[in-house]
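Each remark here refers to the structure printed beneath this line.
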Amino acid sequence: MLDLVQAAVNVGFFVGSMGIGYIADRFGRKLCLLLTILINATSGVLMAVAPTYPWVLLFRLVQGLVSKAGWVIGYILMTEFVGQSYRRTVGIAYQVAFTVGLLVLAGVAYALPHWRWLQFAMTLPNFCFLLYYWPDEEVGEKLNPSFLDLVRTPQIRKHTLILMYNWFTGSVLYQGLIMHMGLAGSNVYLDFFYSALVEFPAALLIILTIDRIGRRYPWAGSNMVAGAACLASVFIPEDLQWLRVTVACLGRMGITMAYEMVCLVNAELYPTFIRNLGVLVCSSMCDIGGILTPFLVYRLTGIWQELPLVIFAAVGLVAGGLVLLLPETRGQTLPETIEEVENLRRPRRNKEKKIYLPVKKQDIPLN
Numbered sequence: 186m187l188d189l190v191q192a193a194v195n196v197g198f199f200v201g202s203m204g205i206g207y208i209a210d211r212f213g214r215k216l217c218l219l220l221t222i223l224i225n226a227t228s229g230v231l232m233a234v235a236p237t238y239p240w241v242l243l244f245r246l247v248q249g250l251v252s253k254a255g256w257v258i259g260y261i262l263m264t265e266f267v268g269q270s271y272r273r274t275v276g277i278a279y280q281v282a283f284t285v286g287l288l289v290l291a292g293v294a295y296a297l298p299h300w301r302w303l304q305f306a307m308t309l310p311n312f313c314f315l316l317y318y319w320p321d322e323e324v325g326e327k328l329n330p331s332f333l334d335l336v337r338t339p340q341i342r343k344h345t346l347i348l349m350y351n352w353f354t355g356s357v358l359y360q361g362l363i364m365h366m367g368l369a370g371s372n373v374y375l376d377f378f379y380s381a382l383v384e385f386p387a388a389l390l391i392i393l394t395i396d397r398i399g400r401r402y403p404w405a406g407s408n409m410v411a412g413a414a415c416l417a418s419v420f421i422p423e424d425l426q427w428l429r430v431t432v433a434c435l436g437r438m439g440i441t442m443a444y445e446m447v448c449l450v451n452a453e454l455y456p457t458f459i460r461n462l463g464v465l466v467c468s469s470m471c472d473i474g475g476i477l478t479p480f481l482v483y484r485l486t487g488i489w490q491e492l493p494l495v496i497f498a499a500v501g502l503v504a505g506g507l508v509l510l511l512p513e514t515r516g517q518t519l520p521e522t523i524e525e526v527e528n529l530r531r532p533r534r535n536k537e538k539k540i541y542l543p544v545k546k547q548d549i550p551l552n
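Shown next, in the form of structure tokens:
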């Protein structure tokens with residue numbers, strides 16, 4: 186039953202990503218954000234009072250349809266409001282709030298063990314966001330976004346495929362490590378709390394590196410660290426539980442960095458008129474990963490306890506290699522057109538060098 190409930194919300198994530206991303210680019214981010222918040226809060230309350238299991242699945246599905254899309258629309262709005270110099274800081278701060286929510290969730294879940302009260306506690310604060318106001322979006326001529334724009338030109342097509350795979354990887358490893366730790370650990374609440382704590386140094390490492398080194402190398406390295414940590418966990422004996430938790434936390438830190446990086450870079454690799462659509466369509470693979478992960482963890486552990494970790498390791502290492510094929514976006518303004526995206530990786534022309542040749546005096550004509 187647990188894997189079906191988790192799969193329901195991820196199905197909602199996937200379907201919502203396709204539709205709401207287009208609507209946000211076509212009709213405006215603000216309207217979509219407010220509607221997704223309202224539907225998310227309402228369906229969350231209805232889920233808490235649902236009388237039967239099918240109703241729980243239905244409202245869980247509805248929450249999935251709007252919750253992730255609303256989160257991404259808020260992220261896109263924020264990165265467009267601020268300039269290039271502040272994009273990194275506010276982007277990471279936005280995602281650190283997610284980490285703070287995980288820590289709060291661990292404490293609230295311990296205090297409210299019954300799932301209905303926990304659902305109420307986690308849902309009701311959403312209504313507060315409807316009271317916030319910000320200026321209307323500028324009205325101007327808008328281009329009509331199309332799904333074909335994501336694969337029409339060579340560079341954007343490559344970006345789309347690599348970003349999709351990295352969203353898939355982030356979801357599988359992020360959720361998979363949490364679920365696997367819950368199966369293997371002795372204290373679910375403490376293990377979850379400790380693993381969530383490592384997301385703070387992950388955010389700090391991103392802030393310290395991406396404007397000095399660039400986006401690609403920290404992103405690729407974090408994927409590889411996560412994959413290597415999963416592989417190392419396979420060989421650690423079960424009686425060394427402290428070491429298993431430590432390595433799992435290292436993997437969690439790596440995949441958290443990768444997750445936060447894909448959010449940041451995804452928005453930087455698409456032009457404005459398809460930015461929401463691009464991020465939500467690419468991140469739909471994250472939802473596919475979320476649907477598959479519970480089955481990978483809960484079913485494959487019946488064959489061999491460490492088999493999911495082997496799969497996670499392979500997926501993470503491949504993702505790290507693919508990241509190196511993307512262009513570097515450090516110091517770049519957000520692209521406005523497809524042409525700007527296509528030119529991201531074109532090498533800069535070297536400065537012309539002056540060449541001085543020796544000339545004999547008698548070779549110079551006098552007249």
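Using this note's numbering, the first residue of the sequence shown is number 186, and each one after it goes up by one. Every residue gets a Cβ at the ideal spot worked out from N, C-alpha and C, and that includes glycine. Remember, it's a predicted structure, so these values are computed and weren't measured experimentally.
Per-residue burial, Pro-403 [other beta carbons within 10 Å of its own, 16 or more giving buried]: If you number the sequence shown from 1, residue 403 lands on position 218. Result: buried.
Compare the C-alpha of Gly-412 against each of Cys-434, Val-383, His-299 and name the closest. Counting from one through the sequence shown, the residue named residue 412 turns up at place 227. Comparing Cα-Cα distances from Gly-412 to each of Cys-434, Val-383, His-299, the minimum goes to Cys-434.
Residue ranges of each alpha helix (DSSP H) within the stretch 212–292, 4 or longer: 214–233, 238–266
Going by Cα to Cα distance, which pick from Ser-252, Gln-280, Val-251 is closest to Thr-264? Start at 1 with the first residue of the sequence shown, and residue 264 comes out as number 79. Comparing Cα positions, the closest option is Gln-280.
Chain-order list of residues whose beta-carbon lies under 6 Å from that of Thr-441 (same chain, five-residue window excluded): Here residue 441 corresponds to residue number 256 of the sequence shown, with the count starting at 1. Closer than 6 Å at Cβ, skipping near neighbours: Glu-384, Ala-387.
Looking at C-alpha atoms only, which residue of Thr-522, Glu-521, Gly-516 is the closest neighbour of Ser-270? Against the sequence shown, residue 270 aligns to sequence position 85. For the residues Thr-522, Glu-521, Gly-516, the minimum Cα distance to Ser-270 belongs to Gly-516.
Residues in its own chain within less than 6 Å of Val-141 by CB, not counting five upstream and five downstream? This structure does not reach residue 141, given that the chain is present from 186 up to 552, and the question cannot be answered.
Look at Thr-345 and Leu-333 and say whether their C-beta atoms are less than 7 Å apart. Here residue 345 corresponds to residue number 160 of the sequence shown, with the count starting at 1. Here residue 333 corresponds to residue number 148 of the sequence shown, with the count starting at 1. It is not a contact, given that the beta carbons lie outside the stated cut-off.
Specify whether the stretch 505–516 and the stretch 392–408 touch according to this definition: at least 3 beta carbon pairs, one from each stretch, less than 8 Å apart. yes
Can you give me the C-alpha to C-alpha distance between Val-432 and Thr-522, rounded to a whole angstrom? The residue given as residue 432 occupies position 247 in the sequence shown. The residue given as residue 522 occupies position 337 in the sequence shown. About 43 Å.
Among Ile-222, Met-409, Arg-460, Gly-439, which has the Cα closest to the Cα of Met-203? Residue numbering aside, residue 203 sits at position 18 when the sequence shown is read from its first letter. Considering only alpha carbons, the answer is Arg-460.
Are at least three pairs of beta-carbons, each pair with one atom in the stretch 472–485 and one in the stretch 190–199, less than 8 Å apart? yes
Please confirm whether Asn-232 and Gln-304 have their CB atoms less than 7 Å apart. Here residue 232 corresponds to residue number 47 of the sequence shown, with the count starting at 1. Here residue 304 corresponds to residue number 119 of the sequence shown, with the count starting at 1. For clarity, residue 232 is Met in the given sequence; the question names Asn instead. Yes, the Cβ-Cβ distance between Met-232 and Gln-304 is below 7 Å.
By Cβ distance, which residues of its chain are closer than 6 Å to Arg-342, with the 5 residues on each side in sequence left out? Here residue 342 refers to the residue found at position 157 when the sequence shown is read from its first residue. The answer, listed in chain order, is Val-336.
For Asn-528, three-class secondary structure by DSSP: Here residue 528 refers to the residue found at position 343 of the sequence shown. Three-state DSSP puts Asn-528 in coil, outside helix and strand.
Can you give the Cα-Cα distance for Tyr-455 and Leu-393, rounded to whole angstroms? In the sequence shown, counting from the first residue as 1, residue 455 sits at position 270. In the sequence shown, counting from the first residue as 1, residue 393 sits at position 208. Computed Cα separation, rounded: 25 Å.
Does DSSP classify Val-495 as helix, strand or coil? Position 310 of the sequence shown, counting from 1, holds the residue named residue 495. Looking at Val-495 - three-state DSSP - the assignment turns out to be helix.
Within a Cβ cutoff of 8 Å, which residues of the same chain sit near Val-190, ignoring the five residues on either side of it in sequence? As a first step, residue 190 must be located in the sequence shown, where it is residue number 5. If we look at Val-190 and ignore the five residues flanking it on each side, its Cβ neighbours are Val-241, Leu-242, Arg-245.
For the 8 Å Cβ check, are there 3 or more pairs between the stretch 478–487 and the stretch 414–424? no
Out of Ala-209, Trp-489, Gln-490, Thr-274, which has the shortest C-alpha to C-alpha gap to Asn-329? As a working mapping, residue 329 is identified with position 144 in the sequence shown. Among Ala-209, Trp-489, Gln-490, Thr-274, the Cα nearest to that of Asn-329 is on Ala-209.
Ala-439: first and last residue of the uninterrupted alpha helix (DSSP H) it sits in: The residue you call residue 439 lines up with position 254 of the sequence shown. One point to set straight first is that residue 439 is Gly, not Ala, in the sequence displayed. That run of the alpha helix (DSSP H) goes 426–453.
Cβ atoms of Leu-358 and Phe-497: under 7 Å apart, would you say? The residue labelled residue 497 in the question sits at position 312 within the sequence shown. The residue labelled residue 358 in the question sits at position 173 within the sequence shown. Yes.
Out of curiosity, what's the CA-to-CA distance linking Leu-220 and Thr-308? Locating residue 220 in the sequence shown gives position 35, counting from the first residue. Locating residue 308 in the sequence shown gives position 123, counting from the first residue. The straight-line gap from Cα to Cα measures roughly 15 Å.
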